[in-house]
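Undergrad: First the structure, then my questions, so here it is.
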Amino acid sequence: MKKLYILLAILVVGITSCTDLKEEILDEQNGTAIVSDSTNVEMLVTPTYAFLRDLQSRGAGWLAQETCTDEVAFPTRGANWNSADYRTLFTHDYAASNSYIKNTWNSYLIGFARCNVALFYMAKLPQSDDIKQYIAEVKFIRALSMYLMNDCFGQMPFREYTEYDYAADPHYYNRKQIVDRVIQELNEIIPVLKTKGSVPYGRVTKAAAQMLLAKTYLNYQVYTGTAPAFSDGTAKWTETISLCNDIINSGKYTLADDWWKLYLSDNAAYSDATETILPIIYNSSVGIGGIPWINMTLDYNQAFGNYLTSNLWNGCCTTPTFYNTWDPSDPRFKDNRLKSVTGFNLGFLVGQQYNAAGTALVTKDGGRSLIFTPEFSVANSAEEQGVRVVKYAPNPTTTYPGSSENDFQYYRLTDAYLMRAEAKFRNGDASGALNDINAIRTKRGVAAYVLSDLTLEKIYNERGYEFYWENSRRNDMIRFNKYCEARYEKPSVTPSYKILFPVPLTAYDADKNIVQNPGYPAFQ
């Protein structure tokens with residue numbers, strides 16, 4: 471019975487779901503009823519979907535994976551945002567004590583554990599078609615947690631869902647073992663998962679699993695090669711192309727005509743009708759608000775609607791490195807549809823800032839004009855330094871100004887096109903890659919490339935234009951051999967071992983069998 475309590479305790483952590491699944495808390499003392507009653511399956515699955523929402527946490531995965539790139543910085547601004555953990559992520563001086571790396575490790579493993587617990591119980595239920603579908607969905611989420619552990623840490627403690635004694639030591643999977651297991655599980659569940667329209671919006675579909683498998687193959691050379699160039703790794707370009715073909719040719723998804731509608735606060739219907747393959751659903755009215763996109767980037771004095779000065783934190787910005795890759799005429803760079811009620815544009819905020827009435831804003835102390843500049847110091851920035859980014863648009867009339875309600879675009883059809891373009895180009899089919907890139911650029915209203923224009927650099931930049939601040943940049947920088955390069959406010963070349971994060975100290979404190987990643991100081 472004690473083991474049952476441990477399993478259920480893991481299960482109920484973060485029970486609130488981001489889908490239409492019922493949100494109930496399990497009674498630890500009714501374990502036998504849970505095992506025998508198939509009507510409880512949604513309660514078993516709900517916490518695994520809640521893990522998807524955790525992926526966008528400002529205190530864990532999103533922050534750790536974005537702040538180490540050229541897309542996001544959290545500069546110290548006097549006494550504000552004065553944390554070495556922010557700075558060392560950005561400068562690649564991070565160590566095993568970094569709290570955001572620790573939180574990322576914990577988040578991914580909690581997601582893995584939730585899936586194992588759900589699978590343990592669902593295996594005991596009558597295996598109807600519905601139960602098999604739920605099992606496949608949970609196996610996808612578990613595969614995603616493994617993929618993320620591999621991508622960030624290159625290792626993980628692993629246990630089968632049948633190994634329910636959490637007091638026993640786990641197995642330890644290295645990078646190759648994790649990748650092989652992810653590929654195996656995704657190939658097993660893809661034939662079982664339903665297609666879009668057969669399950670409600672927000673549930674895992676066949677295309678979502680195909681996207682994850684395509685990403686695994688796209689990065690296979692990284693996962694099997696030697697940093698930083700990985701040229702000795704095994705490429706899986708044809709496998710990537712085949713999966714992207716299946717998704718694109720399925721007819722279930724279409725590229726959005728209005729890119730910014732994918733990022734509005736009420737984006738669910740448009741996302742479902744166009745290109746969203748896997749959304750992460752948020753709804754503040756039932757307590758599942760999303761990442762505070764607006765709060766953490768806008769200046770204190772950019773208050774509007776129910777967003778008061780106290781709700782705005784003047785935190786993160788982008789870097790000149792990333793900002794300067796843009797053509798300002800690209801519609802993805804700037805949009806004014808909410809400016810009359812917020813005072814600011816969507817996209818990149820630079821220069822003099824105004825309120826909705828058109829009055830020029832000043833800094834909080836009133837001493838300077840609020841003019842956002844591309845330049846900043848990661849160690850000591852003024853209030854107005856740094857270009858701000860508003861990708862997920864606010865709802866000016868919201869009564870929940872502390873969090874967003876925008877559904878997060880985890881997988882989109884655009885990514886299938888761009889993965890296919892990259893794989894084709896790397897595999898020698900530049901013409902095929904050009905067609906895919908231009909399908910995106912034409913839809914977005916920017917000039918198409920000609921064949922002589924197309925390079926890996928342009929494919930890399932196009933991924934930045936589409937997926938900025940969406941937790942894709944670190945993975946892309948590594949694959950394109952950009953991660954270790956010197957850049958703005960990071961003047962030194964990063965040692966290649968830092969392509970993997972360190973295993974957190976707290977993981978070793980909990981399990982003395984774990985081994986630190988090469989290059990970092992060994993655990994003592």
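Numbering (the numbering used here), first residue to last: 471 to 994.
C-beta: ideal position from N, C-alpha, C; glycine also.
Computed from a predicted structure; not experimentally measured.
1) Could you name the residues that DSSP lists as bridge partners for Asp-805?
2) Does the segment 847-864 come into contact with the segment 747-758, if we say contact requires no fewer than three beta-carbon pairs (one atom in each stretch) closer than 8 Å?
3) Rounded to the nearest angstrom, how far is the Cβ of Tyr-740 from that of Leu-732, given a contact under 8 Å?
4) Can you pull the DSSP bridge partners for Met-626?
5) Let me check one thing: in DSSP terms, what residues is Leu-614 bridge-paired to?
6) Tell me whether Gln-822 sits in a helix, a strand or coil according to DSSP, three-state version.
7) Could you check what DSSP says for Cys-787 in three-state terms: helix, strand or coil?
8) Note the first and the last residue of the continuous beta strand (DSSP E) segment covering Tyr-880.
9) In chain order, which alpha helix (DSSP H) runs of at least 4 residues are fully inside the segment 631-696?
10) Spatial neighbours of Phe-971 within its chain, please: C-beta separation below 6 Å, excluding the five flanking residues on both sides.
11) Since I believe Tyr-862 is in contact with Trp-796 (beta carbons under 8 Å), could you give me their beta-carbon distance rounded to a whole number of angstroms?
12) Note down, in chain order, each residue of its chain lying with its Cβ closer than 7 Å to the Cβ of Gly-785, except the 5 sequence neighbours on either side.
13) Could you work out which residue in Gly-934, Val-542 and Glu-892 is closest to Leu-924 when comparing CA atoms only?
14) Quick check: what's the CA-CA separation for Arg-612 versus Asn-719?
15) Can you tell me whether Leu-816 is buried or exposed, with buried defined as 16 or more other CB within 10 angstroms of its CB?
16) Once the 5 residues before and after Gly-760 are set aside, which same chain residues still bring their CB inside 7 Å of it?
17) Give the single residue among Ser-922, Lys-928, Gly-898 and Arg-896 whose Cα lies nearest to the Cα of Ile-907.
18) Compare the C-alpha of Thr-574 against each of Leu-533, Ala-606, Tyr-990 and Leu-589 and name the closest.
19) Grouping DSSP H, G and I as helix and E and B as strand, with all else coil, what is Tyr-990?
20) Quick one: grab the DSSP three-state call for Tyr-870.
21) Report the option in Ala-980, Pro-965, Asp-979 and Tyr-564 whose CA atom is closest to the CA atom of Val-698.
22) Using C-beta distances below 6 Å, list every residue in its chain close to Tyr-978, excluding the 5 sequence neighbours before and after it, in chain order.
23) Apart from the five residues just before and just after Arg-858, which ones in its own chain have a Cβ nearer than 7 Å to its Cβ?
24) For Glu-536, which residues in the same chain have their Cβ closer than 6 Å to its Cβ, ignoring the five residues on either side in sequence?
25) I need the DSSP call for Val-985, collapsed to helix, strand or coil.
26) Output yes or no for whether 8 Å exceeds the beta carbon distance between Cys-538 and Phe-521.
27) Over what stretch of residues does the alpha helix (DSSP H) that includes Ala-518 continue unbroken?
28) Based on the DSSP output, what are the partners of Gln-855 in its beta bridges?
29) If you drop the 5 nearest sequence neighbours on each side, which residues of the same chain put their C-beta closer than 8 Å to that of Asn-1013?
30) Roughly how many whole angstroms lie between the Cα atoms of Tyr-519 and Gly-837?
31) For Pro-991, does the count of other Cβ atoms within 10 angstroms reach 16, so buried, or fall short, so exposed?
32) Use the C-beta contact count for Gly-934: other C-beta atoms within 10 angstroms, 16 or more gives buried, fewer gives exposed.
33) Under a Cβ-count criterion, where at least 16 other Cβ atoms within 10 Å of its own Cβ denotes burial, should Leu-514 be classed as buried or exposed?
34) Do Tyr-958 and Gly-989 have their CB atoms nearer than 8 Å?
35) Whole angstroms are fine: how far does the CA of Thr-829 sit from the CA of Ala-549?
36) Using a Cβ-Cβ cutoff of less than 6 Å, which residues in the same chain neighbour Arg-629 once the five nearest sequence positions on both sides are dropped?
TA: From the atom records:
1) Translated into positions along the sequence shown, residue 805 becomes position 335. Beta-bridge partners of Asp-805 (DSSP): Leu-816.
2) These segments do not touch.
3) Stepping through the sequence shown from its first residue, residue 740 is reached at position 270. Stepping through the sequence shown from its first residue, residue 732 is reached at position 262. Between Tyr-740 and Leu-732 a beta carbon distance of about 7 Å is seen, short of the 8 Å cut, so the two are scored as contacting.
4) The sequence position of residue 626 within the sequence shown is 156, counting from 1. Residue pairing from DSSP places Met-626 in a beta bridge opposite Tyr-643.
5) One-based indexing of the sequence shown puts residue 614 at position 144. Leu-614 is not bridged to any residue.
6) Counting from one through the sequence shown, the residue named residue 822 turns up at place 352. Looking at Gln-822 - three-state DSSP - the assignment turns out to be strand.
7) For this step, residue 787 is matched to residue 317 along the sequence shown. Residue state, collapsed to three classes: strand.
8) Locating residue 880 in the sequence shown gives position 410, counting from the first residue. Segment 878-882, the beta strand (DSSP E) holding Tyr-880.
9) The DSSP assignment places complete alpha helix (DSSP H) segments of no fewer than 4 residues inside the segment 631-696 at 645-659, 676-688 and 690-694, in order along the chain.
10) Locating residue 971 in the sequence shown gives position 501, where the first residue counts as 1. The answer, listed in chain order, is Ile-571, Cys-622 and Phe-623.
11) In the sequence shown, counting from the first residue as 1, residue 796 sits at position 326. In the sequence shown, counting from the first residue as 1, residue 862 sits at position 392. Between Tyr-862 and Trp-796 the Cβ distance is about 18 Å, and since that is not below 8 Å, they are no contact.
12) Mapped onto the sequence shown, residue 785 falls at position 315. If we look at Gly-785 and ignore the five residues flanking it on each side, its Cβ neighbours are Phe-544, Trp-551, Met-766 and Thr-767.
13) The sequence position of residue 924 within the sequence shown is 454, counting from 1. Ranking Gly-934, Val-542 and Glu-892 by Cα distance to Leu-924 puts Glu-892 first.
14) Residue mapping note: residue 612 aligns to position 142 of the sequence shown, counting from 1. Residue mapping note: residue 719 aligns to position 249 of the sequence shown, counting from 1. Arg-612 and Asn-719 have their C-alpha atoms some 27 Å from each other.
15) As a working note, residue 816 is residue 346 in the sequence shown. Its Cβ being crowded by 16 or more others within 10 Å, Leu-816 is buried.
16) Within the sequence shown, residue 760 is the residue found at index 290, counting from 1. Excluding residues within five positions, the ones whose Cβ falls inside 7 Å are Gln-526, Tyr-752, Ser-873, Ser-874, Glu-875, Asn-876 and Phe-878.
17) In the sequence shown, residue 907 corresponds to position 437, counting from 1. Of the candidates Ser-922, Lys-928, Gly-898 and Arg-896, the one whose C-alpha sits nearest the C-alpha of Ile-907 is Lys-928.
18) Within the sequence shown, residue 574 is the residue found at index 104, counting from 1. Ranking Leu-533, Ala-606, Tyr-990 and Leu-589 by Cα distance to Thr-574 puts Leu-533 first.
19) Your numbering for residue 990 matches position 520 in the sequence shown. In the three-state DSSP reduction, Tyr-990 falls in the coil class, being neither helix nor strand.
20) Counted from its first residue, the sequence shown places residue 870 at position 400. In this structure, Tyr-870 counts as coil in the three-state DSSP scheme.
21) Numbered from its first residue, the sequence shown carries residue 698 at position 228. Contrary to the premise, residue 698 reads as Pro rather than Val in this sequence. Comparing Cα positions, the closest option is Pro-965.
22) Counting from 1 along the sequence shown, the entry for residue 978 is found at position 508. Sequence-distant partners of Tyr-978 (beyond 5 residues in either direction) whose C-beta falls short of 6 Å from its own C-beta, in its chain, are Ile-984 and Phe-993.
23) By one-based count along the sequence shown, residue 858 stands at place 388. Excluding five sequence positions before and after Arg-858, the CB atoms of its chain that fall closer than 7 Å to its own CB belong to Thr-767, Leu-768, Cys-787, Leu-819 and Phe-842, given in chain order.
24) Residue mapping note: residue 536 aligns to position 66 of the sequence shown, counting from 1. Cβ within range, chain order: Val-542.
25) If you number the sequence shown from 1, residue 985 lands on position 515. Collapsing the DSSP output to three states places Val-985 in coil.
26) Taking the first residue of the sequence shown as 1, we reach residue 538 at position 68. Taking the first residue of the sequence shown as 1, we reach residue 521 at position 51. Between Cys-538 and Phe-521, the C-beta gap is not smaller than 8 Å, which leaves the two residues out of contact.
27) Taking the first residue of the sequence shown as position 1, residue 518 is located at position 48. The sequence given here has Thr at residue 518, not Ala. In the DSSP annotation of this structure, the continuous segment of the alpha helix (DSSP H) that includes Thr-518 starts and ends at 511-524.
28) Taking the sequence shown and counting its residues from 1, one reaches residue 855 at position 385. Gln-855 is bridged to Thr-843.
29) As displayed, the chain neither begins before 471 nor continues past 994, which places residue 1013 out of reach and without an answer.
30) Within the sequence shown, numbered from 1, the residue matching residue 519 stands at position 49. Within the sequence shown, numbered from 1, the residue matching residue 837 stands at position 367. About 47 Å.
31) To locate residue 991, count along the sequence shown from 1; it is residue 521. Its Cβ having fewer than 16 others within 10 Å, Pro-991 is exposed.
32) As a position in the sequence shown, residue 934 is number 464, starting the count at 1. Using a 10 angstroms sphere on the CB of Gly-934, the tally of other CB atoms reaches 16 or more, which defines it as buried.
33) For the purposes of this step, residue 514 is identified with residue 44 of the sequence shown, where counting begins at 1. Counting the other CB atoms within 10 Å of its CB gives Leu-514 a total of 16 or more, which places it among the buried residues.
34) In the sequence shown, counting from the first residue as 1, residue 958 sits at position 488. In the sequence shown, counting from the first residue as 1, residue 989 sits at position 519. No, they are not a contact pair.
35) Position 79 of the sequence shown, counted from the first residue, corresponds to residue 549. Position 359 of the sequence shown, counted from the first residue, corresponds to residue 829. If you take the alpha carbons of Ala-549 and Thr-829, they lie about 28 Å apart.
36) As a position in the sequence shown, residue 629 is number 159, starting the count at 1. Around Arg-629: Pro-640.
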